[in-house]
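K.L.:
Have a look at this one before I ask anything.
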Amino acid sequence: MRLTRRQLVIGAGISGFALASPGLFAELAGGTAAVPILRTVPSSGESVPAIGMGTWITFNVGNDPYLIESRTEVLKTFFDRGGSVVDCSPMYGSSADVLGKALNALQAHDQVFAATKIWTADESATRTQAESSRNRWGVARFDLLQVHNLLGWRGHLETLKEMKADGEIRYLGITTSHGRRHDEFARIMETEPLDFVQLTYNVLDREAESVLLPLARERGIAVIVNRPFRGGALFRRVQSEPLPPWAAAAGIGSWAEFFLKFVIAHPAVTCAIPATSQVAHMQENMAAMYGELPSESQRQQMAAFVRSL
Numbered sequence: 052m053r054l055t056r057r058q059l060v061i062g063a064g065i066s067g068f069a070l071a072s073p074g075l076f077a078e079l080a081g082g083t084a085a086v087p088i089l090r091t092v093p094s095s096g097e098s099v100p101a102i103g104m105g106t107w108i109t110f111n112v113g114n115d116p117y118l119i120e121s122r123t124e125v126l127k128t129f130f131d132r133g134g135s136v137v138d139c140s141p142m143y144g145s146s147a148d149v150l151g152k153a154l155n156a157l158q159a160h161d162q163v164f165a166a167t168k169i170w171t172a173d174e175s176a177t178r179t180q181a182e183s184s185r186n187r188w189g190v191a192r193f194d195l196l197q198v199h200n201l202l203g204w205r206g207h208l209e210t211l212k213e214m215k216a217d218g219e220i221r222y223l224g225i226t227t228s229h230g231r232r233h234d235e236f237a238r239i240m241e242t243e244p245l246d247f248v249q250l251t252y253n254v255l256d257r258e259a260e261s262v263l264l265p266l267a268r269e270r271g272i273a274v275i276v277n278r279p280f281r282g283g284a285l286f287r288r289v290q291s292e293p294l295p296p297w298a299a300a301a302g303i304g305s306w307a308e309f310f311l312k313f314v315i316a317h318p319a320v321t322c323a324i325p326a327t328s329q330v331a332h333m334q335e336n337m338a339a340m341y342g343e344l345p346s347e348s349q350r351q352q353m354a355a356f357v358r359s360l
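Numbering of the sequence shown is given in the working numbering, commencing with residue 52 and proceeding in unit increments.
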């Protein structure tokens, strides 16, 4: 029988976290407030939570009132557990509209670090698409605009630089996914004044470790990680496996924590953005933002274990 992600949760620690009072950080056994793991944006010194939220597929639910309400609960749980960075794209169908409705329902516009992308081959349409996305989200401005998968990146970046200088956005960046075009990506990182890059990185897809992650540290560029669960494939890989007995020593109580803590423990990573459509899964994801992080030797042990399955 194929196990669900919820059935993969190991131990009672995550359940205790899930029952924490909304709007408050979880409490540790000793009664002290748990401290969220934050990361610094190098170009500004601003701190952001190490676990964010993606919206690819999960928030693309059209106008269905029930599904919009359920996604609103997912977003509420994200904020209640200390999250802020939410990532979207015009490529993601109705996701931006659903986000806008959820933010409005929660009156949470002041809680979100709003990140979206420019996704058009028309390099003169940067501002038009950004304004369309801003209206769909219902935010005053975006914190971060990124050129999606380098489409028309030269023209879009020039406009984004102007928008940042004029205060229309706070940060600019570029994205790639599935390990695409890393050579070109690195050249842009070396030559352009980027605040953020977004790339694919997880316990099995580690190509970014060779060039992009070290380059981000060298250049002072924040890193957002997409596909930290490999689109859910990592859970399917471990569906019949218990957590290894040494996982607890690395501060890990579930497979979601295992995969996310592997990512955010890398010193170049600023924020991972797993996507989910379920409140229970969001609770698991956000648990990874608390407690201990694995050491580098533990991370290597974690990667070797998953490769062996």
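Backbone N, C-alpha and C fix where the C-beta goes; we use that ideal spot for every residue, glycine too.
Since we're looking at a predicted model, the values are computed, not measured.
I believe residue 230 touches residue 258 by the beta-carbon criterion, under 8 Å. Please report the beta-carbon distance rounded to the nearest angstrom.
P.N.:
Yes, residue 230 and residue 258 are in contact; Cβ-Cβ is about 5 Å, under 8 Å.
K.L.:
Taking the straight line between their C-alpha atoms, what separation do you get for residue 117 and residue 86?
P.N.:
C-alpha separation (whole angstroms): 34 Å.
K.L.:
The beta strand (DSSP E) spanning residue 98 covers which residue range?
P.N.:
Its beta strand (DSSP E) spans residues 98–100.
K.L.:
Is the region 293–301 in contact with the region 106–123, if contact means three or more CB pairs nearer than 8 Å?
P.N.:
As far as the Cβ criterion goes, the region 293–301 does not touch the region 106–123, which means the pair count is below three.
K.L.:
Taking the runs of the beta strand (DSSP E) that are 3 residues or longer, which of them lie wholly in the region 224–253?
P.N.:
If we require 3 residues or more, the beta strand (DSSP E) runs fully inside the region 224–253 come out as 247–251.
K.L.:
On the criterion of 16 or more Cβ atoms from any shown chain inside 10 Å, does residue 59 qualify as buried, or is it exposed?
P.N.:
The pLDDT assigned to residue 59 is 41, lower than 50, so where the model puts this residue is not dependable, and the model offers no usable value.
K.L.:
Does the region 125–143 come close enough to the region 342–357 to have 3 or more Cβ pairs within less than 8 Å?
P.N.:
Verdict: no, contact absent.
K.L.:
As an exercise, report each continuous beta strand (DSSP E) stretch of at least 3 residues that is fully enclosed by the region 148–188, in chain order.
P.N.:
164–169, all fully within the region 148–188.
K.L.:
Cα separation between residue 220 and residue 360?
P.N.:
Cα-Cα distance, rounded: 44 Å.
K.L.:
Can you check which of these residues, 161, 166, 158, 124, is closest to residue 141 by C-alpha distance?
P.N.:
Here the closest residue by C-alpha is 166.
K.L.:
Is residue 143 helix, strand or coil by DSSP?
P.N.:
Helix at residue 143.
K.L.:
Output the boundary residues of the alpha helix (DSSP H) element that contains residue 315.
P.N.:
Residue 315 -> alpha helix (DSSP H) spans 306–315.
K.L.:
Classify residue 148 as buried or exposed, calling it buried when 16 or more other Cβ atoms lie within 10 Å of its own Cβ.
P.N.:
Residue 148 should be labelled buried.
K.L.:
Taking 7 Å as the line, does the beta carbon of residue 177 fall inside it for any heavy atom of the ligand MG?
P.N.:
You won't find the ligand MG in this model; it holds no ligand whatsoever.
K.L.:
Suppose you measure from the CA of residue 249 to the CA of residue 242; what does that come to, to the nearest Å?
P.N.:
Their Cα atoms are separated by approximately 16 Å.
K.L.:
Start and end of the beta strand (DSSP E) containing residue 192?
P.N.:
Premise fails: residue 192 is in no beta strand (DSSP E) and is neither H nor E.
K.L.:
With a CB to CB cut of under 8 Å and the five nearest residues on each side skipped, what residues in its chain are close to residue 214?
P.N.:
Excluding residues within five positions, the ones whose Cβ falls inside 8 Å are 177, 178, 181, 196, 220, 223.
K.L.:
Go ahead and pull the three-state DSSP assignment for residue 278.
P.N.:
In this structure, residue 278 counts as coil in the three-state DSSP scheme.
K.L.:
The beta strand (DSSP E) spanning residue 90 covers which residue range?
P.N.:
That run of the beta strand (DSSP E) goes 89–91.
K.L.:
Here's the rule: buried if 16 or more other CB atoms are within 10 angstroms of the residue's CB, otherwise exposed. What is residue 246?
P.N.:
Buried, because 16 or more other Cβ atoms sit within 10 Å of the Cβ of residue 246.
K.L.:
Using 8 Å as the threshold, is the C-beta distance between residue 340 and residue 101 below it?
P.N.:
Going by C-beta atoms, residue 340 is nearer than 8 Å to residue 101.
K.L.:
How about residue 125 and residue 330: do their beta carbons lie closer than 8 Å?
P.N.:
Their beta carbons are under 8 Å apart, which means residue 125 touches residue 330 by this criterion.
K.L.:
Between residue 188 and the rest of its own chain, which residues show a CB-CB distance below 8 Å, the 5 nearest in sequence each way excluded?
P.N.:
Result list for residue 188: 139, 147, 150, 151, 154, 165, 167, in chain order.
K.L.:
With DSSP collapsed to three states, give me the class of residue 341.
P.N.:
DSSP places residue 341 in coil when its eight states are reduced to three.
K.L.:
Which class does residue 131 belong to by DSSP, given the choice of helix, strand or coil?
P.N.:
Correct three-state label for residue 131: helix.
K.L.:
Buried or exposed: where does residue 347 fall if 16 or more other Cβ atoms within 10 Å of its Cβ makes it buried?
P.N.:
Counting Cβ neighbours within 10 Å, residue 347 comes out exposed, since fewer than 16 surround it.
K.L.:
So for residue 136, helix, strand or coil by DSSP?
P.N.:
Here residue 136 sits in strand by DSSP.
K.L.:
CB-CB under 6 Å to residue 342, same chain, minus the five flanking residues each way: which ones, in chain order?
P.N.:
The residues are 302.
K.L.:
Taking the CB atoms as reference points, tell me whether residue 316 and residue 345 lie closer together than 8 Å.
P.N.:
In this structure, residue 345 lies closer than 8 Å to residue 316 by Cβ.
K.L.:
If you draw a straight line from the C-alpha of residue 234 to the C-alpha of residue 203, how long is it?
P.N.:
Cα to Cα, the separation comes out at about 16 Å.
K.L.:
So residue 358 is in the alpha helix (DSSP H); what residue range does that whole segment cover?
P.N.:
From DSSP, the alpha helix (DSSP H) with residue 358 extends over 347–359.
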